[in-house]
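Input: a single structure, listed below in structure tokens.
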């Protein structure tokens, strides 16, 4: 059964939070990436994972059904992102939660870990995740799947933005999506305003130092064919986080949880069972 919550995040900004699964199960909090929504996790929340775990996903500020104020200041500060995650964890009493972060969510989760530590966290799963962004990361760590389309995706020419997001989606996945899945992905990407996309892309953040301070289990899931967040980013996480375990997907690009959901869900379930707490 799906449940919907409204949570006051950082600066009181309203966040849309969705919940599935067992109310008494180990909580797993899914955090989506740039220009996405909670809907990207449907192959997880509607899977057998819901029979065992409490599954929670929220729309980032500026995305989906969450509040989307105008102004870059609402999106460029690490404190706001950290406070959003904290607010969801506290409002839903997610004790010893497993954090699962895709793509840009690697930054959001490490923003939280920098501010609040991992004492109440059961485990962290970085999925095609970024922990460093900015001019120096573009090219070596963030690949053409993002850099080639960002300017148009963040611009105010709607036709160019749609075309850019079509290219972005096509490069995200090495495994061809069904027509239904592709159309849904394109639709939810286009619900995010260009100015919000631009603000997220304007951040200059390096959270690598946070990784070395983690004491909880860490799993790094990454597609070897990822041209959006390059495999070099996963290697960077592994380098800075000694206890992190890699899970490489040879024939997958940027979305392991959508491209190979059976394997991803099985690995996530096993990882969550071994989480601390």
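Residue numbers (our numbering): 433 to 709.
The C-beta atom is built at its ideal place from N, Cα and C for all residues, glycine as well.
Among all the DSSP beta bridges, which residues are the ones paired with residue i?
i	result
residue 638	564
residue 680	654
residue 553	529
residue 689	According to DSSP, which records beta bridges pairwise, residue 689 is partnered with nothing at all.
residue 629	The partner list for residue 629 (beta bridge, DSSP) is empty, contrary to what the question assumes.
residue 447	439
residue 559	534, 653
Got a sec, what are the start and stop residues for the beta strand (DSSP E) residue i sits in?
i	result
residue 438	435–440
residue 486	486–490
residue 529	529–534
In the DSSP assignment, find the alpha helix (DSSP H) that holds residue i and state where it starts and stops.
i	result
residue 702	693–705
residue 672	663–672
residue 542	537–548
Since residue i and residue j are thought to touch, with beta carbons under 8 Å apart, how far apart are those beta carbons, to the nearest angstrom?
i	j	result
residue 604	residue 633	Contact doesn't hold; Cβ gap of about 16 Å is too wide.
residue 707	residue 655	Wrong, their Cβ atoms sit about 23 Å apart, outside the cutoff.
residue 639	residue 564	7 Å
residue 685	residue 659	7 Å
residue 465	residue 536	4 Å
residue 583	residue 593	At roughly 10 Å, the Cβ-Cβ gap does not stay under 8 Å, so residue 583 and residue 593 are not in contact.
residue 643	residue 532	16 Å between Cβ atoms; not a contact.
residue 547	residue 514	4 Å
residue 571	residue 579	7 Å
residue 648	residue 491	Residue 648 to residue 491, Cβ: 25 Å. No contact.
residue 447	residue 529	About 16 Å; that fails the 8 Å criterion.
At 4 residues or longer, what runs of the alpha helix (DSSP H) sit wholly inside the stretch 569–621?
The DSSP assignment places complete alpha helix (DSSP H) segments of no fewer than 4 residues inside the stretch 569–621 at 576–579, 582–585, 590–604, 611–621, in order along the chain.
Unbroken alpha helix (DSSP H) runs of length 4 or more, entirely within the stretch 451–521: which are they?
For the stretch 451–521, the full-length alpha helix (DSSP H) segments reaching 4 residues or more read 474–477 along the chain.
With three or more C-beta pairs closer than 8 Å as the rule, is the stretch 550–561 touching the stretch 479–494?
No: fewer than three Cβ pairs fall under 8 Å.
Whether or not the stretch 671–684 and the stretch 588–595 are in contact is what I'm after, with contact meaning three or more pairs of Cβ atoms, one per stretch, closer than 8 Å; do they touch?
No, the stretch 588–595 is not in contact with the stretch 671–684.
Touch check for the stretch 564–575 and the stretch 609–616: three-plus C-beta pairs under 8 Å?
No, the stretch 564–575 does not touch the stretch 609–616.
For the stretch 656–675 against the stretch 495–503, do three or more pairs of beta-carbon atoms, one drawn from each stretch, fall closer than 8 Å, so that the two count as touching?
No, the stretch 656–675 does not touch the stretch 495–503.
Are the stretch 685–693 and the stretch 473–481 in contact at 8 Å, needing three or more beta carbon pairs?
Put simply, the stretch 685–693 touches the stretch 473–481. At least three CB pairs are less than 8 Å apart.
Taking contact to mean at least 3 C-beta pairs separated by less than 8 Å, is the stretch 452–463 in contact with the stretch 500–510?
At 8 Å Cβ cutoff, the stretches do not touch.
Touching by the beta-carbon criterion (3+ pairs, under 8 Å), the stretch 512–527 and the stretch 434–446:
Touching, per the Cβ criterion.
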